[in-house]
Structures are given as structure tokens and as C-alpha cells.
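Since the structure comes first, as C-alpha cells, the remarks are kept for the end.
Protein chains in written order, with my numbering: chain A, 1 to 112; chain B, 1 to 118.
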């Protein structure tokens with residue numbers, strides 16, 4: 001979704017449906033990407049990562065897709081559950097560093 | 001597994017005072033740690049890179065005299081917000097990269113510290 005002023009973009013999904021969260025990254029020299037989940041008042045939790053030499057990686061119920069041509073990353077969550085409700089951030093790492101830059105984030109709301 | 005611990009989780013201080021936030025790596029050593037700031041409904045903004053045994057590296061626009069960082073040991077970095085003002089109220093999060101071949105790409109985050117300046 002597109003940024004809407006000061007608020008995080010929100011994706012609302014029915015429980016059981018699949019979710020797709022998108023992220024555009026900025027640095028073509030980034031070599032590693034991570035998706036994080038953040039619940040209210042807590043620090044980010046690692047979900048899944050992908051190196052720049054890959055275009056797809058699967059985890060448990062989650063898949064990350066990387067399109068380096070357009071500098072786009074997506075997170076797919078299968079069979080979305082209420083516990084998946086959170087804010088999701090992508091983060092990119094510049095090659096040769098441990099410095100991560102975070103995307104703007106998307107709030108996922110799972111509707112019962 | 002590797003854990004990063006932050007303390008305090010919440011702190012309220014009076015305007016003009018200084019407050020220190022600690023970030024500890026548990027069960028692993030971290031020569032580098034990172035400090036982020038997060039405003040409500042916003043993303044994490046990297047403030048600085050904390051380097052053990054040397055000066056921190058600050059991101060553009062972050063006042064180094066305002067946000068003092070000390071990386072005193074391989075497991076501890078501290079962020080001191082000096083002469084705090086209400087606009088410094090925020091969620092501060094630290095992170096540390098994992099070590100070893102199995103986790104070298106992983107970065108571990110603390111649970112964050114809520115600072116409220118009144």
C-alpha cells in the first residue's frame with residue numbers, strides 16, 4: 001500500500017487468507033534483506049531473510065520474494081492468523097556492513 | 001539462543017535531566033551495536049553505530065552531544081540522552097549482529113526502551 005500521510009499503510013486480511021506485504025528498497029548495493037515483525041511496544045522480531053543472489057526463499061508459512069531489477073521485496077504469509085497482526089518492516093543491509101536501514105512498515109490487521 | 005537485553009524498558013524523566021539506557025548482549029560478544037529511534041507509527045531510524053573501544057559513528061542529523069554512546073565492553077553499550085526534552089520522548093531500540101557462521105547475518109534486537117520526558 002502507499003503511504004497515507006503520517007500513518008503506516010494498513011493491510012486488512014481475512015483470517016485464513018494469504019497476505020502479501022510489499023517493500024521498496026533504496027540501495028542497489030544492498031546484499032542482504034530481512035523481514036521483521038513488530039508487535040505494539042516491543043522490539044522487532046526476525047521472520048525471514050534473503051541474500052541478494054536469491055530471488056525467493058521459503059520458511060514456515062512465509063515466503064520472501066526479491067526483485068533486484070525494480071528493488072522490490074515482498075513477504076507472503078500463507079493462511080494468515082490473528083497472531084500475525086503486527087507491523088511488518090523490511091530492512092536492507094549495505095554490502096560489507098552490519099548497518100541495516102528499515103523501510104516504512106506496513107500494519108497487518110487480521111479480521112476474524 | 002542469542003539475546004539482546006535492554007534496560008530500562010520504560011523510563012520517565014524530567015525535562016533537563018539525563019537518562020541512560022543500557023543494551024547488553026547475552027551469551028555472545030558484540031563489538032558493534034546499533035541504536036535506533038522509533039516514533040509512534042513510524043519506522044526505525046538508525047541513530048548511530050556503537051563501536052567497542054572507539055567512538056560511535058552517528059548518522060546524519062543526529063546530535064552526538066545530545067545522544068552520548070559508550071561501548072564500554074564487548075557486551076554492553078549505553079545510550080545517554082543528555083538534557084532531555086519532551087521531543088526526545090520516543091522508543092529507543094538497540095541491536096547487535098550475531099556471530100559465527102550460522103548466525104553471522106542475523107541481527108538481534110532488544111525489546112526497546114520507552115522514554116517519556118515530562
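Quick reminder that beta carbons are idealized off the backbone N, C-alpha and C, glycines included. This one's a predicted model, so the numbers in the text were calculated from it and none came from an experiment.
Taking all protein chains shown into account, decide if residue i is buried (16 or more other Cβ within 10 angstroms of its Cβ) or exposed.
i: residue 3 of chain A; result: Only weak support is given to the placement of residue 3 of chain A: the predicted model assigns it a pLDDT of 33, under 50, and the value that follows is read from those uncertain coordinates. Looking at its Cβ environment, which holds fewer than 16 other Cβ atoms inside 10 Å, residue 3 of chain A is exposed.
i: residue 5 of chain A; result: For residue 5 of chain A, the predicted model reports a pLDDT of 40, less than 50, meaning its position is unreliable and no value from the coordinates is stated.
i: residue 70 of chain A; result: exposed
i: residue 118 of chain B; result: exposed
i: residue 16 of chain A; result: exposed
i: residue 37 of chain A; result: buried
i: residue 10 of chain B; result: exposed
i: residue 26 of chain B; result: exposed
Start and end of the beta strand (DSSP E) containing residue i?
i: residue 82 of chain B; result: Here residue 82 of chain B belongs to no beta strand (DSSP E), and DSSP marks it neither H nor E.
i: residue 97 of chain B; result: 90–97
i: residue 87 of chain B; result: Segment: none, residue 87 of chain B is in no beta strand (DSSP E) and carries neither H nor E.
i: residue 31 of chain A; result: 30–38
i: residue 66 of chain A; result: 62–67
Below 8 Å on the Cβ atoms is my guess for residue i versus residue j; work out the distance and round it to an integer in Å.
i: residue 88 of chain A; j: residue 21 of chain A; result: 5 Å
i: residue 154 of chain B; j: residue 81 of chain B; result: What is shown of chain B runs 1 to 118, which leaves residue 154 of chain B out entirely.
Out of the options, which has the shortest C-alpha to C-alpha gap to residue i?
i: residue 65 of chain A; options: A:90, A:80, A:106 and A:111; result: A:90
i: residue 50 of chain B; options: B:77, B:86 and B:28; result: B:77
i: residue 83 of chain B; options: B:97, B:116 and B:22; result: B:116
i: residue 33 of chain B; options: B:44, B:87 and B:107; result: B:107
i: residue 35 of chain A; options: A:105, A:82 and A:54; result: A:105
i: residue 22 of chain B; options: B:43, B:37, B:69 and B:45; result: B:69
i: residue 23 of chain A; options: A:82, A:74, A:79 and A:78; result: A:74
Does the region 92–103 of chain A come close enough to the region 7–27 of chain B that 3 or more CB-CB pairs lie under 8 Å?
-> no
Quick check: the region 66–75 of chain B against the region 10–18 of chain A, are there 3 or more CB pairs under 8 Å?
-> no
Pull out every residue of the region 62–78 of chain B whose Cβ sits closer than 8 Å to any Cβ of chain D, in chain order.
-> You won't find chain D in this structure, because its protein chains are A and B.
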